[in-house]
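Read the structure below first, then the notes.
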Amino acid sequence: MATPLLQVEHLEKSYGDVHILHDINLTIATGSVTVLLGPSGSGKSTLIRCLNGLEDFQSGQLTFSGQPVTPNAKTWQQLRQKIGMVFQSYDLFPNLTVLDNILLGPLKVQHRSKAEAQEQAVKLLKEVGLADYQDAYPRQLSGGQKQRIAIVRALALNPEFMLFDEVTASLDPEMVRGVLEVLRNLAQQKMTMLVVTHEMNFAREIADQVVFLEEGHILEQTPGQQFFANPQTERAQIFLNSMDF
Amino acid sequence: MSWTIIQQSIPVFVQAFWLTLKLSFYGIIGAIIVGLIASFLRYFKVPVLRQISAAYTEISRNTPLLIQLFFIYYAFPEIGIKISATAAGISGLIFLGGSYMAEAIYGGLQGVAKIQVESGLAIGLSRGQLARYVVFPQGLTLSVPAIAANVIFLIKETSIFTVIAIPELTNTALDQIGLYYHTDESLFVLVIAYAIILIPLSLALTWLERRARRGSFGN
Amino acid sequence: MAHSGINILFAGQNFTRLLGGLWVSAKISIVSLVIGILLGLLLGALRTLKNPVLRTILRLYLEFFRIVPTVVLLFLFYYILPKNFNVNLSAQIVAMLVFALWVAAEMSDIVRGALISVPRHQKEAGMAIGLNGPQLYRYVLLPQAVGLMIPATINLMTRVIKTTSLLLLISVMDVVNIGQQIIEANRQVYPNGAFWVYGLIFILYFLLCYPLSAWARHLERRQNNNA
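Structure representation (structure tokens):
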């Protein structure tokens, strides 16, 4: 088997006395889509945030592209260029136009040439159907448009791995499809992705593997089709039954 | 109350009016600069300087301007630092206002949503870049209403300059009362003069606050 | 020779006199705060009512006391009451009156702000169990608003204390006024008197205000953490 893009071993996380994540072991293959499922409060967001250093953790080892990750500010800042993340809340910078939002990372972090970065930005905007909105400010956009641009902003850094933390959870239903479409295209382009979502039909369609988290424990890590057809644990069965498809 | 007396006193008051505005202007600009420096020191957690600026903020906010002025104007010469009344007034206003502006600006920086900081980090911005492109532009905008409130506060505080005999508005009114006993007229003109300066500012402040509550960015 | 000047503070009755002056300032602060806060509670509650006339009058009252500098307010009352209304009050009483009215104005805004931030359904729930207007304020709205009002009220207290430094302008024998007299009287013996006397007054004000503002900040922080 090829080297996995990301390997998590024995990760432990607590806030003070509250133990949030217990002995997390997780392997994510290059080019695969992993969907992280679990009831709310199970630690999904915390886990995904540990993977790009927005949360620190007490112990455990991350290995990215075969390189062990030393969790300090400097490493994370480097690594975040390779690990893109999109959040649940629309998190565009309101003081910048759409284009400046997208170019901030490529120009200021990666010091790429403006012409080249801009060309890529425009191309990405076209792919998500928002080519006309370059000069708009975030306040002029709908929630769905903002989320698609937040995705473009992350992609503009040419990441190797993308984290999506419930990116459709705050959207009106009619906006959800457009955003999921973008994720679907990314999956087809073989982007490695870790997706937290409550859109179960989408999860079933897109997941190469499913990680099921409950109360901070990984209860299952199984291929997608198998999880939805035949979950191994009773907890996962109960969870699936409770969800709308 | 006599209109003739009021009319006669107008030229002196006009002079005092401009002086009040001029002193306020220098004091406020200075206070904003001090406030920016102090809040940057705090935001970037600069060692030592941050503690000094925190101590300054406490001293400045917890003592009256009048005593600060007396200290600068009467006590400093005794240890060899002599400055004019005008300079003392402006220095006092900067000393007082700097801490108020620092609180206003730092409050704005703190008001920037956590998710904004996180998404800046998520695209790999360093702490300095995060401050420059995300936190400061948004935070300074958020702090505008508080800064405006401080502007009004500081202009009103210039009335205390009268204790070191700077001929601003209040001092001029007291002079008129002392010299000619034109008490009603002088106080009337005085209130009107402050109203001319402060009512527009106060309306602007209300407008700014309302806009801020609606969310000036509306993200 | 600044170090020898410190003795000016302890020569004769100087220190007790300064503390006496501080007590005058404290007394004026306490009286005006008590009256002002009570009046402000009432005015603040009235400002949440729908009556447009009442609201306008109270708003104008607030804006007047906000826009006119406190020094000028002191002079207005000090000069105009005796001259035009034939009311002769001692300077201390004038100061208490001005400060109380000023505190009431500021307080009314604090109270109103806190009251309107109590969620609407709380009021409706109170009405649903048959509470009348005053009962609604007494049992539902005020208790929930009080927590929000406290930090701002404490900050208002420190503002009042700091503003008592202006009392010498209307010839109240406060700590600053007595300080000036001591400096003048000892000019020959202690040419550096101003440094020490004003320094002491500076510290005294700081000692009064700092604990209050630290307390207010502590409460604010706790509220933000709970929110």
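Residue numbers (this note's numbering), protein chains in the order written: chain A, -13 to 231; chain B, 183 to 401; chain C, 22 to 248.
Each residue gets a CB set at the ideal place from its N, CA and C atoms; glycine is no exception.
Interface residues of chain B facing residue i [CB-CB closer than 9 Å]
i	result
C/N213	A257, E260 and I261
C/E84	I381 and S384
C/T179	R243 and N244
A/M161	Near A/M161 there are no residues of chain B at all, since even the closest Cβ is about 16 Å away, more than 9 Å.
C/G134	Per Cβ cutoff of 9 Å: no residues; C/G134 is ~11 Å from chain B at best.
A/F73	I297, E300, S301 and A304
N-terminal and C-terminal residue of the alpha helix (DSSP H) that residue i is part of
i	result
B/Y288	A267 to G293
A/L89	V84 to L90
C/I131	A112 to I137
B/T354	L351 to Y362
B/T186	W185 to Y225
C/I58	N35 to R68
A/F225	E220 to S228
A/K112	K100 to E113
A/Y119	No alpha helix (DSSP H) contains A/Y119, which DSSP labels as neither H nor E.
C/P73	P73 to I88
B/Q320	F318 to E339
B/L248	L247 to F252
C/L305	With chain C running from 22 to 248 in the structure shown, residue 305 of chain C is simply not present.
A/P159	P159 to Q174
Beta-bridge pairing of residue i - partner residues as DSSP gives them
i	result
A/F50	A/L(-8) and A/Q53
A/F150	A/V72 and A/V181
A/P209	A/Q195
A/S128	DSSP, once it has assigned bridges, lists no residue as partnering A/S128.
A/Y1	A/V4
C/E205	Bridge partners of C/E205: none, in fact.
A/H97	Answer by DSSP bridge pairing: none, since A/H97 is not bridged.
A/S45	A/E(-2)
C/I224	Partner(s): none; C/I224 has no beta bridge.
A/I204	A/L199
Residue range of the unbroken beta strand (DSSP E) whose run includes residue i
i	result
A/D9	V4 to I14
A/L22	V19 to L23
Which of helix, strand or coil DSSP assigns to residue i
i	result
A/T61	helix
C/P164	helix
B/F399	Reliability of the predicted coordinates at B/F399 is poor, the pLDDT of 48 falling under 50, and no value is obtained from them.
B/T344	helix
B/E260	helix
C/H239	helix
A/I34	helix
C/I191	helix
C/G211	Per the sequence presented here, residue 211 of chain C reads as Tyr, with Gly not at that position. Here C/Y211 sits in coil by DSSP.
C/M22	Below a pLDDT of 50, predicted positions are generally treated as unreliable, and C/M22, at 45, falls in that range; no measurement from the model is reported.
B/L385	helix
Neighbouring residues, chain C, relative to residue i (Cβ below 7 Å)
i	result
B/L372	V93
Listed by chain order, chain A residues near residue i by CB distance under 8 Å
i	result
B/S325	Simply none; closest approach about 14 Å.
C-beta atoms of residue i and residue j nearer than 9 Å
i	j	result
A/K60	A/L33	no
C/M194	C/V45	yes
B/T202	B/A386	no
A/G29	A/G210	no
C/M148	C/L157	yes
B/I305	A/F73	no
A/V196	A/L22	yes
B/S308	A/V95	yes
A/T154	A/L166	yes
B/L275	B/A330	no
C/I49	C/L188	yes
B/T268	B/I334	no
C/V119	C/G61	no
A/A136	A/D86	no
A/V19	A/I192	yes
A/F150	A/V182	yes
Proximal residues of chain B, C-beta to C-beta of residue i below 7 Å
i	result
A/D77	I297, Q298 and S301
C/F216	A257, E260 and I261
C/L97	L369
C/F120	In chain order: nothing, as chain B lies at least about 14 Å away.
Cross-chain neighbours of residue i in chain A, by beta carbon under 7 Å
i	result
B/G306	Q63, R66, Q67, G91, V95 and L143
Interface partners of residue i on chain A, CB under 9 Å
i	result
B/V316	F79, N81, L82 and L90
B/Q320	F79, P80 and N81
Closer than 9 Å at the beta carbon, the chain C residues around residue i
i	result
B/Y376	I88, V89, P90 and V93
B/D357	Those do not exist, as B/D357 stays about 12 Å from chain C at its closest Cβ, beyond 9 Å.
Per-residue contacts from residue i into chain B (C-beta, under 8 Å)
i	result
C/V197	L248, I249 and F252
A/L40	E300, L303 and A304
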